[in-house]
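Chemist:
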Amino acid sequence: MAPSPINTHLPPTLSFLSNPISYYFSAAPPYNNVAMGALLFAPPPQTPRLLLLQRAGGTDPHTFSDFWQIPSGSPTPSDATMLHTLFRIILDQTGLRLTSVVTMSGTEIEPAHIENGNAQRMRMLFMVEVAELGPIQPQNSPLGMDFGYAIRELDVDSVPIALNLGKHRQHIWSREEDLKEFTNSGLYPIEERAQYRMMLEAFAPQDNCWPSTSQWNAFNHTLSGKLIADVPPALSCYPGPAYNAASCAAIDTELTEQSFVADNPIALSYPTNSCPPINATAGSSCAIADQPTDTCPKGNSTSVAPVGSCSIGDQPRYTVNATEIADVAAGINFAREKHIRLVVRNTGHDLLRRSTGYGSLQVWIRYLRTGITFQETYQPSCASCDCTWKGSAFVIGGGYTWEDVYSEAASRNVIVVGGGTPSVGCLGGWMQGGGHSPATHDFGLGADQVLEAQVVLASGKLVTASLCENSDIFFAIRGGGPSSYGIVVSTIIKAYPTNTVTAQIFGFAPLTANDYPAFMDALAIVYENYPTLSDGGFSGYGSWSIYSPTPLVGNFSTGFIHTIAAFGKSVAEAEEIFASTAAQLQKYNGTSLYMTTEYLSFPTYAAYYNALSGVVTPVGETAALGSRFLDREALTGNVTALKSMLQTTAGTPEQATSNNIVFVGGGQVFADASDPYSGVNPAWRQTYVHNIVARGWAPGSSNATIQGVYDDITYTKTQAMKDLAPNTGCYMNEADRFDPDYMQDFYGEHGSRLSDIKRTHDPQSVFYCPTCIGSELFEVQPSGQICFRERLGDFEHA
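Residues in the sequence shown are numbered consecutively from 15, following the working numbering.
1. Are there 16 or more other CB atoms within 10 angstroms of the CB of Lys731, so buried, or fewer, so exposed?
2. Report the rounded CA-to-CA distance for Thr108 versus Thr361, giving the unit in angstroms.
3. Quick one, which of Leu214, Ala256, Leu282, Phe522 has its alpha-carbon nearest Thr605's?
4. Could you confirm whether any beta carbon from chain D is found closer than 9 Å to the beta carbon of Val144?
5. Tell me which residues share the same chain as Leu626 and place their Cβ nearer than 7 Å to its Cβ, disregarding the 5 neighbours each side in the sequence.
6. Along the alpha helix (DSSP H) that carries Ile410, what are the first and last residues, could you check?
7. For the beta strand (DSSP E) containing Val5, list its first residue and its last residue.
8. Using only alpha-carbon positions, find the residue among His704, Met96, Trp378, Gly493 that is nearest to Tyr761.
9. Tell me which residue opens and which closes the alpha helix (DSSP H) that Ala586 is part of.
10. Kindly provide the ranges of any alpha helix (DSSP H) runs that are 4 or more residues long and lie completely inside the segment 327-355, ordered along the chain.
11. Is the segment 508-515 close to the segment 364-378, with three or more CB pairs under 8 Å?
12. Once you ignore the five residues that flank Tyr691 on each side, which residues in its own chain have a CB closer than 8 Å to its CB?
13. Mind pulling the alpha helix (DSSP H) runs of 4 or more residues that sit fully within the segment 476-554?
14. Rounding to the nearest angstrom, what Cα-Cα distance links Trp558 and Thr454 in this structure?
15. According to DSSP, which residues form a beta bridge with Phe677?
16. Any idea what DSSP makes of Val438, helix, strand or coil?
17. Please go through the same chain and pick out, in chain order, the residues whose beta-carbon is closer than 6 Å to the beta-carbon of His775, but skip the five residues on each side of it.
18. With H, G and I counted as helix, E and B as strand and the rest as coil, what does DSSP make of Asn569?
19. Straight-line CA distance for Leu139 to Leu66?
20. Please name the residue in Ala739, Thr785, Thr611, Ala697 whose C-alpha comes closest to that of Gly651.
21. Which runs of the alpha helix (DSSP H) spanning at least 4 residues fall entirely within the segment 614-685, listed in chain order?
22. Taking the alpha carbon of Val144 as the point to measure from, which residue in Phe533, Arg69, Phe55, Met136 has its own alpha carbon closest?
23. Can you tell me where the alpha helix (DSSP H) holding Asn705 begins and where it ends?
24. Suppose you measure from the CA of Gly297 to the CA of Ala712; what does that come to, to the nearest Å?
25. So what's Ser715 in DSSP terms, helix, strand or just coil?
26. What's the C-alpha gap between Thr22 and Asn258?
27. What does Thr95 pair with, by DSSP beta-bridge criteria?
28. What's the call for His182, buried or exposed, on a 16-neighbour Cβ count within 10 Å?
29. In chain order, which alpha helix (DSSP H) runs of at least 4 residues are fully inside the segment 711-783?
30. Using the three-state DSSP reduction, which class does Ile175 fall into: helix, strand or coil?
31. Between which two residues does the beta strand (DSSP E) containing Thr384 stretch?
32. Looking only at C-alpha atoms, which of His235, Leu269, Lys240, Trp230 sits nearest to Pro246?
33. Taking the alpha helix (DSSP H) that Phe81 falls in, what are its first and last residues?
34. Based on Cα-Cα distance, which residue from Asp341, Arg367, Asp645, Tyr608 lies nearest to Glu748?
35. Compute the beta-carbon to beta-carbon distance between Gly433 and Ser421, rounded to the nearest angstrom, for a pair I have assumed lies under 8 Å.
36. Terminal residues of the continuous alpha helix (DSSP H) containing Gln799?
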């Protein structure tokens with residue numbers, strides 16, 4: 015009797031393979047064809063090689079005679095489940111036994127037509143592990159094995175492949191470079207182009223250092239079951255094994271909710287350069303050609319499932335759900351020892367996709383929470399530390415959001431400098447990239463609030479970074495970029511007595527289309543006055559757009575609006591600060607522009623924040639963005655050049671461009687320039703406005719269209735801001751991820767020192783993220799792998 019798959023290892027995420035075959039042919043619409051393929055690799059430590067079979071010759075031109083393929087086939091009536099089908103295909107075509115289904119490498123759905131209506135074809139590819147099969151004596155049969163058979167470790171250089179000669183004439187174990195060379199030369203034509211693409215992608219996690227299933231299982235055991243096998247959030251929207259109409263209907267809304275995104279290990283708040291836009295056209299392609307970023311776009315209908323492929327894309331393959339510091343260290347150690355790409359995540363807010371990575375292991379700190387503790391007077395961990403801060407402080411232990419800390423601060427009538435959006439994480443990219451806030455002008459950047467931190471280094475060692483110990487790490491994590499020097503697991507930040515706040519909400523819009531020139535002139539006046547307003551005590555946020563999809567001011571789709579505030583000022587004092595600007599704008603009021611001004615008073619900072627800033631907005635939109643720091647010279651030195659920049663970043667009506675004004679510079683941001691332990695871009699110390707321009711694209715846009723948007727942002731709109739302010743830079747957390755000058759623009763003169771710190775504490779580059787310190791040493795391969803630009807010995811990242 016032939017062996018059955020009863021002892022084949024099947025991860026929980028692939029439990030659908032145990033569904034009866036009838037499940038697929040009773041779907042709506044039904045599948046009139048289901049095909050399965052197996053990616054069989056030589057097991058480690060052997061050189062990664064993929065088993066390819068050459069079709070037997072024939073006269074039928076539709077059989078792809080002589081073409082090469084992976085073991086593949088379709089269910090038969092005798093197959094009880096899909097797992098039986100996969101098992102039978104491998105055994106019949108190779109003589110090898112399926113021992114483990116590692117992961118599903120891809121699913122492709124396409125419409126088909128049958129005599130009585132519509133149907134679908136489905137193809138599924140699985141990465142599997144196999145073993146050689148041979149007869150043994152019954153008395154020696156291992157426990158749990160089918161009678162009469164044993165499994166021996168597979169050695170591809172010696173194991174005979176038992177081909178079914180009616181189907182295949184020969185086989186090869188192909189290396190990745192062989193596959194590319196032979197296919198491109200035509201010597202080994204692959205049966206289908208889509209299958210060829212999946213073959214190449216499959217090589218990424220199958221190099222010499224990629225752990226086996228048993229190693230992943232052992233790692234999970236050391237974590238007490240906290241290792242997550244990641245699954246695309248919208249997988250349920252694709253017909254096939256995981257399709258679920260109710261779940262799909264829910265995901266359409268859930269992917270716009272920050273709470274859902276934060277609780278999902280690979281959902282993104284801002285899927286800037288990937289394919290899962292909400293309401294994307296079914297089967298839409300990725301933003302950058304040949305990049306493995308397809309993570310299952312959500313279709314624009316919940317009644318008709320998308321047509322296309324669904325795979326993990328450039329998201330992590332596995333996630334360590336860290337609930338203890340030891341879990342963080344374990345994740346780092348495993349990635350370092352196995353040479354796996356490591357990424358770090360808390361809430362998923364990142365705009366530059368620094369917490370994504372193809373074939374990577376992710377350390378997720380959202381549920382690492384050891385408490386939020388208030389210190390009436392800051393108590394340094396190092397008793398000998400001569401710290402100048404004598405005020406209050408908060409200890410933030412783990413992956414809390416600013417919403418969690420704000421409630422604690424409000425209850426004690428103090429101010430903490432945190433994210434403008436309350437759902438942003440406290441310890442990650444926001445803080446380590448600089449961090450701006452509605453309180454920044456008066457109290458400084460987020461990074462400058464850090465008094466000390468606990469950091470797990472690339473070695474797995476937990477250290478305290480402060481003025482008096484590990485001061486280089488202290489400098490680096492205070493604005494020198496995230497995910498580069500270690501994982502911050504706890505921090506102590508400053509707290510300040512609360513204050514009264516007076517806010518101004520001011521906006522204007524052109525009365526008619528003919529008044530657009532007046533609108534742009536008034537806009538330039540506001541920009542030109544921002545340094546004076548900042549010096550007077552104002553700071554805040556604004557936005558403007560021409561032909562916005564939603565009204566900005568009143569019912570006008572073209573308009574400008576800002577909300578700025580002055581701490582400790584009365585309404586009369588605030589009006590006086592704004593009087594000069596108002597006088598310059600008065601000639602437009604009612605003649606060419608609709609103009610509105612409102613002042614509001616708040617007894618505490620918490621009251622102001624909760625009313626005008628602390629709102630959780632929908633997420634999930636896709637866009638390309640660029641930014642620039644604008645100093646006094648850029649804003650006041652040449653009004654003609656300023657107007658030219660604004661005209662360029664305004665875009666055209668059909669581009670639906672938005673411009674955002676982060677008016678938080680000056681004040682304490684300038685004063686903190688004297689801090690020798692601040693790693694933030696020195697350009698912050700002369701910046702009044704951090705100016706952001708962004709463009710989106712229509713659902714279902716082509717690769718060429720999306721690439722055109724990115725190019726417009728990088729080479730036209732952002733370049734216009736660079737031309738106006740050539741000697742500044744930009745805020746790394748809200749910037750163009752394709753900025754060709756990112757090292758200078760993001761880090762300024764601190765770049766060299768930060769690189770030295772990186773080399774000292776992470777010589778193997780365990781921590782990597784695009785545009786981060788050290789990333790300049792690597793290049794991303796078409797498969798998604800990252801490799802040193804110059805190979806350093808035999809070391810290479812997965």
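All C-beta atoms in this analysis are idealised placements derived from N, C-alpha and C, irrespective of residue type, glycine included.
Modeler: Judging by the given coordinates:
1. buried
2. 46 Å
3. Phe522
4. Among the protein chains of the structure shown there is no chain D, as only one such chain exists.
5. Ala517, Thr577
6. Run containing Ile410: none in the alpha helix (DSSP H); it sits in the beta strand (DSSP E), 406-412.
7. With the chain covering only 15 through 812, there is no way to say anything about residue 5.
8. Gly493
9. 585-599
10. If only uninterrupted alpha helix (DSSP H) runs of at least 4 residues are considered, those enclosed by the segment 327-355 are 339-352.
11. no
12. Leu481, Ser485, Phe488, Phe489, Arg492
13. 485-491, 530-550
14. 22 Å
15. Note: Phe677 is bridge-paired with Gly554 in the DSSP secondary-structure output.
16. The answer is coil: DSSP assigns Val438 none of H, G, I, E or B.
17. Cβ neighbours of His775 beyond the five flanking positions: Leu471, Tyr499.
18. Residue state, collapsed to three classes: coil.
19. About 14 Å.
20. Ala739
21. 619-626, 646-650, 653-664, 682-685
22. If we check each option's Cα against that of Val144, Phe55 comes out closest.
23. Unbroken run through Asn705 is the beta strand (DSSP E), 701-709; no alpha helix (DSSP H).
24. Bear in mind that the predicted position of Gly297 carries a pLDDT of just 31, short of 50, making it too unreliable to give a figure here.
25. coil
26. 26 Å
27. Pro34
28. buried
29. Those alpha helix (DSSP H) runs which fall completely within the segment 711-783 and span 4+ residues are 717-726, 732-738, 756-761, 765-775.
30. coil
31. 383-389
32. Leu269
33. For Phe81, no alpha helix (DSSP H) segment is defined, and its DSSP state is neither H nor E.
34. Arg367
35. Not a contact, Cβ separation roughly 14 Å.
36. Where Gln799 is concerned, there is no enclosing alpha helix (DSSP H), given that its DSSP letter is neither H nor E.
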